[in-house]
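Chains A and B, in that order, are what the protein sequence lines are. Counting in the numbering used here, the first sequence runs from 2 upward without gaps. Counting in the numbering used here, the second sequence runs from 64 upward without gaps. This report refers to the structure that appears directly beneath it.
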Amino acid sequence: MRSKRKTYILALAPFLLLCFLFEIIPVIYTVVRSFIPEGGTPGFTLENYINIFTGKLYQRAIANSLLISVLSSVIGLVVAFVGAKAVHEEKGRLKTVFMSILNMVSNFSGVPLAFAYIIMFGNIGVMTMVGANYGIGFLADFPLYSVWGLLMIYVYFQIPLSTLLLIPAFDSIRKEWKEAVALLGGGPAVFWRKVGIPVLFPSILGTFSVLFANALAAYASAYALLMNNISLLPIRLSEQFVGDIIQRPEFGSAIAVVMIVFMVLAIAVQNKMMPKKGGKR
Amino acid sequence: MNVEKKQNTGAKIAIGVIIVYLLLPLAMTMIYSLFREWIDIMPTGFTLNAYTELFTDTLFWKAVGRTIVISVVPIVLCTVFVLLAMYVVVVYHPDWNKMIQILCTVPYAIQGVILPTCVLSLYSSAPEPFGNRMFMLVSTYMVVILPYVYQGIRNNLNGIGAARLIEAAQMLGASRFYAFFRVVIPNIMGGVTISVMLAMAIVFGDFVIINTLAGGHFMTAQMYLYDVMKKSGQRTCAVIVLLFLVTLIISAGAFFLQSREKDRKDR
Numbered sequence: 002m003r004s005k006r007k008t009y010i011l012a013l014a015p016f017l018l019l020c021f022l023f024e025i026i027p028v029i030y031t032v033v034r035s036f037i038p039e040g041g042t043p044g045f046t047l048e049n050y051i052n053i054f055t056g057k058l059y060q061r062a063i064a065n066s067l068l069i070s071v072l073s074s075v076i077g078l079v080v081a082f083v084g085a086k087a088v089h090e091e092k093g094r095l096k097t098v099f100m101s102i103l104n105m106v107s108n109f110s111g112v113p114l115a116f117a118y119i120i121m122f123g124n125i126g127v128m129t130m131v132g133a134n135y136g137i138g139f140l141a142d143f144p145l146y147s148v149w150g151l152l153m154i155y156v157y158f159q160i161p162l163s164t165l166l167l168i169p170a171f172d173s174i175r176k177e178w179k180e181a182v183a184l185l186g187g188g189p190a191v192f193w194r195k196v197g198i199p200v201l202f203p204s205i206l207g208t209f210s211v212l213f214a215n216a217l218a219a220y221a222s223a224y225a226l227l228m229n230n231i232s233l234l235p236i237r238l239s240e241q242f243v244g245d246i247i248q249r250p251e252f253g254s255a256i257a258v259v260m261i262v263f264m265v266l267a268i269a270v271q272n273k274m275m276p277k278k279g280g281k282r
Numbered sequence: 064m065n066v067e068k069k070q071n072t073g074a075k076i077a078i079g080v081i082i083v084y085l086l087l088p089l090a091m092t093m094i095y096s097l098f099r100e101w102i103d104i105m106p107t108g109f110t111l112n113a114y115t116e117l118f119t120d121t122l123f124w125k126a127v128g129r130t131i132v133i134s135v136v137p138i139v140l141c142t143v144f145v146l147l148a149m150y151v152v153v154v155y156h157p158d159w160n161k162m163i164q165i166l167c168t169v170p171y172a173i174q175g176v177i178l179p180t181c182v183l184s185l186y187s188s189a190p191e192p193f194g195n196r197m198f199m200l201v202s203t204y205m206v207v208i209l210p211y212v213y214q215g216i217r218n219n220l221n222g223i224g225a226a227r228l229i230e231a232a233q234m235l236g237a238s239r240f241y242a243f244f245r246v247v248i249p250n251i252m253g254g255v256t257i258s259v260m261l262a263m264a265i266v267f268g269d270f271v272i273i274n275t276l277a278g279g280h281f282m283t284a285q286m287y288l289y290d291v292m293k294k295s296g297q298r299t300c301a302v303i304v305l306l307f308l309v310t311l312i313i314s315a316g317a318f319f320l321q322s323r324e325k326d327r328k329d330r
């Protein structure tokens, strides 16, 4: 009996080993390394962080990453709100079709998505050519290879994700509330402003943080579109460890830590805001 | 009534517009893969060349094979690891669930490019087996899918009331080990398959981890795609369409299982 009491711990070992070796230790190592002077000489320094926040290139990366993550999340949320509200009001087959399409296109991201936008709006993209042939300026000169083009791609993959996350939240809106507002003389606009959005606010904020984290860490679409020619945190992070330019692992570790801090903040908001599953009833 | 009707048309239009917006890039990619030239409103020169070339390209099939191997191995291992851990939690230490849950949430905070660079930074010059790129790759994928696998397993364990089921089996004379692996697991396998398939879709579509940890040395389907991208637009589109179809089949399978599972529970 005594030996048996200890053997069950062995069942936990593979899981714990995996988590420590490939989750916890890499993160701790990265945090520690970010405080070591470049070149690997032992010691403690804040220089890596100072370099991130004072270097033009890296300030740009932080600004671009935050801009693109916040904007794509907000735009994604607005569209998702309209979409989820429509699903809430629509019952029939269209709802099923819509849900299937959302699930389907949520797989369309990364390199394939970037390439789809290249054939549409790239230098010899279909839309670009049509724009040039027919004198439609904004199509012909569409700035795909820039932060704005990238933003458009990010918005695309945020929309299905945010809509799928918001749809369940709308279930909590009761028909009686709308009737009560109507009885008091308020239209749909009043209902959404005074009742609907306040009720949904925790879910909206929670969804926002999922979207923000999703955009901040995204790498594949940006890399496929612009390679290293855009200042974004994920691009700057990865080029410190892989690729042709001189590798700076200590400095790269500091970039990773900055990103982790943003991610943890987003997830903390999400944990606070997201309604707990199965908590009610 | 009138307001309701108007609202309904509004909802239909909103859904319609979003559907068109979401399907447009996909549709354009598909059309692009089927025509020789597309520089005006209508594409010209229908051809299946891109597909026939692709189907006869052994490099492509090898890449697909590698993708399947590199998705299946981590998923199977991860599922086994989590099941073993949950055995300890359910049978012996329900209070440890909190710790497991935290360990399975951390990957969210290091998603995307962060985890593979941290792993590479730690192990790139480590001795075997840690310095081995395949070992790093498999382990990193296991960590990435951990949240999904854990959630699937936990929800299903709660769903069937695993703790009570084990008590009942014990009363009938079964050991706790036997009860968990012969009674509980067969009952949750259907539900676990669903989360496994979702995890499969994630690994299948991964580019950042494979690119960071293996570079060009292990050409998966996504790396093949990235390589073709610089050569032929039409062919790239054909690869995208095929890979998308595969992902679709995987997630449609999960969806189908899910609805069947639901039916079974409702009955």
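Just so you know, even glycine gets a beta-carbon here, dropped at the ideal spot from N, CA and C. Since the model is a prediction, treat every value here as computed from it, not as a measurement.
- Message: Using C-beta distances below 7 Å, list every residue in its chain close to phenylalanine 263 of chain A, excluding the 5 sequence neighbours before and after it, in chain order.
- Response: Taking the first sequence and counting its residues from 1, one reaches residue 263 of chain A at position 262. Leu217.
- Go through its chain and collect everything with a Cβ distance to tyrosine 211 of chain B's Cβ below 6 Å, but skip five positions before and after it. If you number the second sequence from 1, residue 211 of chain B lands on position 148. Closer than 6 Å at Cβ, skipping near neighbours: Ser258, Leu261 and Ala262.
- Task: Answer yes or no: do threonine 310 of chain B and asparagine 108 of chain A have a C-beta to C-beta separation smaller than 8 Å?
- Result: Taking the second sequence and counting its residues from 1, one reaches residue 310 of chain B at position 247. Taking the first sequence and counting its residues from 1, one reaches residue 108 of chain A at position 107. Cβ distance < 8 Å, so threonine 310 of chain B and asparagine 108 of chain A count as in contact.
- Grouping DSSP H, G and I as helix and E and B as strand, with all else coil, what is glycine 108 of chain B? Position 45 of the second sequence, counted from the first residue, corresponds to residue 108 of chain B. Three-state result, glycine 108 of chain B: strand.
- Would you list, in sequence order, the uninterrupted alpha helix (DSSP H) runs of no fewer than 4 residues that lie entirely inside the region 127 to 151 of chain A? 127 to 134 and 138 to 141
- Item | Cβ pair arginine 34 of chain A, serine 184 of chain B closer than 8 Å | The count along the first sequence starts at 1 and reaches residue 34 of chain A at position 33. The count along the second sequence starts at 1 and reaches residue 184 of chain B at position 121. In this structure, serine 184 of chain B lies closer than 8 Å to arginine 34 of chain A by Cβ.
- Query: What is the DSSP secondary structure of glutamate 24 of chain A, counted as helix, strand or coil?
  - Reply: Numbered from 1 along the first sequence, position 23 holds the residue referred to as residue 24 of chain A. Correct three-state label for glutamate 24 of chain A: helix.
- Query: Which residues in chain B sit within 8 Å of isoleucine 137 of chain A, going by Cβ to Cβ distance?
  - Reply: As a working note, residue 137 of chain A is residue 136 in the first sequence. Under the 8 Å cutoff, chain B gives no residues; its nearest Cβ is about 11 Å from isoleucine 137 of chain A.
- Query: Looking at alanine 214 of chain A and glutamine 164 of chain B, is the spacing between their C-beta atoms short of 8 Å?
  - Reply: In the second sequence, the residue the question calls residue 164 of chain B occupies position 101. In the first sequence, the residue the question calls residue 214 of chain A occupies position 213. Their beta carbons are not under 8 Å apart, which means glutamine 164 of chain B does not touch alanine 214 of chain A by this criterion.
- Terminal residues of the alpha helix (DSSP H) in which glutamate 48 of chain A lies: Start at 1 with the first residue of the first sequence, and residue 48 of chain A comes out as number 47. Note, glutamate 48 of chain A: alpha helix (DSSP H), 48 to 55.
- Query: Any idea what DSSP makes of phenylalanine 98 of chain B, helix, strand or coil?
  - Reply: On the second sequence, position 35 is the one that residue 98 of chain B refers to. Strand at phenylalanine 98 of chain B.
- Three-way DSSP call (helix, strand, coil) for phenylalanine 281 of chain B in this model: Here residue 281 of chain B refers to the residue found at position 218 when the second sequence is read from its first residue. For phenylalanine 281 of chain B, the secondary structure class from DSSP, reduced to helix, strand or coil, is coil.
- Query: Are the beta-carbon atoms belonging to proline 170 of chain B and leucine 178 of chain B less than 8 Å from one another?
  - Reply: The residue labelled residue 170 of chain B in the question sits at position 107 within the second sequence. The residue labelled residue 178 of chain B in the question sits at position 115 within the second sequence. Contact flag set, yes.
- Query: Beta-carbon separation of valine 283 of chain A and isoleucine 81 of chain B under 8 Å?
  - Reply: Any property of residue 283 of chain A remains undetermined from this structure, which presents chain A solely from 2 to 282.
- Task: Determine, using beta carbons only, whether proline 15 of chain A and phenylalanine 144 of chain B come nearer to each other than 8 Å.
- Result: Within the first sequence, the letter at position 14 stands for residue 15 of chain A. Within the second sequence, the letter at position 81 stands for residue 144 of chain B. Against a cut-off of 8 Å, the Cβ pair of phenylalanine 144 of chain B and proline 15 of chain A comes out as a contact.
- Task: Kindly list, in the order they appear in chain B, the residues whose Cβ is closer than 9 Å to that of phenylalanine 143 of chain A.
- Result: Locating residue 143 of chain A in the first sequence gives position 142, where the first residue counts as 1. Per Cβ cutoff of 9 Å: no residues; phenylalanine 143 of chain A is ~14 Å from chain B at best.
- Task: Please decide whether methionine 197 of chain B counts as near chain A, where near means a Cβ-Cβ distance under 8 Å.
- Result: Taking the first residue of the second sequence as 1, we reach residue 197 of chain B at position 134. It does not: the Cβ of methionine 197 of chain B has no partner Cβ on chain A nearer than 8 Å.
- Query: Quick check: the region 316 to 327 of chain B against the region 235 to 243 of chain B, are there 3 or more CB pairs under 8 Å?
  - Reply: no
- Task: Report the rounded CA-to-CA distance for valine 302 of chain B versus histidine 280 of chain B, giving the unit in angstroms.
- Result: Locating residue 302 of chain B in the second sequence gives position 239, counting from the first residue. Locating residue 280 of chain B in the second sequence gives position 217, counting from the first residue. Those two C-alpha atoms are separated by around 20 Å.
- For alanine 190 of chain A, which residues of its own chain have a beta-carbon under 8 Å away from its beta-carbon, when the five flanking residues on both sides are left out? Taking the first residue of the first sequence as position 1, residue 190 of chain A is located at position 189. Around alanine 190 of chain A: no qualifying Cβ.
- Comparing alpha-carbon positions, which option in A:Ile205, A:Ile37, A:Gly136 and A:Lys195 lies nearest proline 82 of chain A? Residue numbering aside, residue 82 of chain A sits at position 81 when the first sequence is read from its first letter. For the record, residue 82 of chain A in the displayed sequence is phenylalanine; it is not proline. Among A:Ile205, A:Ile37, A:Gly136 and A:Lys195, the Cα nearest to that of phenylalanine 82 of chain A belongs to A:Ile205.
- Task: In angstroms with no decimal places, state the Cα-to-Cα distance between phenylalanine 99 of chain A and phenylalanine 158 of chain A.
- Result: Counting from one through the first sequence, the residue named residue 99 of chain A turns up at place 98. Counting from one through the first sequence, the residue named residue 158 of chain A turns up at place 157. Rounded to the nearest angstrom, the two C-alpha atoms are 16 Å apart.
- Would the beta-carbon of tyrosine 155 of chain B fall within 8 Å of that of tyrosine 9 of chain A? The sequence position of residue 155 of chain B within the second sequence is 92, counting from 1. The sequence position of residue 9 of chain A within the first sequence is 8, counting from 1. Yes, the pair counts as a contact, with Cβ atoms nearer than the cut-off.
- Query: So which of B:Leu166, B:Gly253, B:Ile229 and B:Ser314 has the shortest CA-CA distance to asparagine 218 of chain B?
  - Reply: Your numbering for residue 218 of chain B matches position 155 in the second sequence. Closest by alpha carbon: B:Gly253.
- What in chain B is Cβ-close to threonine 208 of chain A, meaning under 9 Å? The residue labelled residue 208 of chain A in the question sits at position 207 within the first sequence. The contacting residues do not exist; threonine 208 of chain A stays about 14 Å from chain B at best.
- Quick one: grab the DSSP three-state call for glutamine 248 of chain A. Within the first sequence, the letter at position 247 stands for residue 248 of chain A. When DSSP states are grouped into helix, strand and coil, glutamine 248 of chain A belongs to the coil group.
- Message: Pop quiz: phenylalanine 270 of chain B and tyrosine 289 of chain B are said to be a contact at Cβ under 8 Å. What is the actual Cβ separation, rounded to whole angstroms?
- Response: Position 207 of the second sequence holds residue 270 of chain B. Position 226 of the second sequence holds residue 289 of chain B. Contact check for phenylalanine 270 of chain B and tyrosine 289 of chain B: beta-carbon distance about 7 Å, within the 8 Å limit, so the pair qualifies.
- Item | Cβ neighbours of arginine 239 of chain B in the same chain (closer than 7 Å, five flanking residues each side left out) | Counting from one through the second sequence, the residue named residue 239 of chain B turns up at place 176. Val154, Ile229 and Gln233, listed in sequence order.
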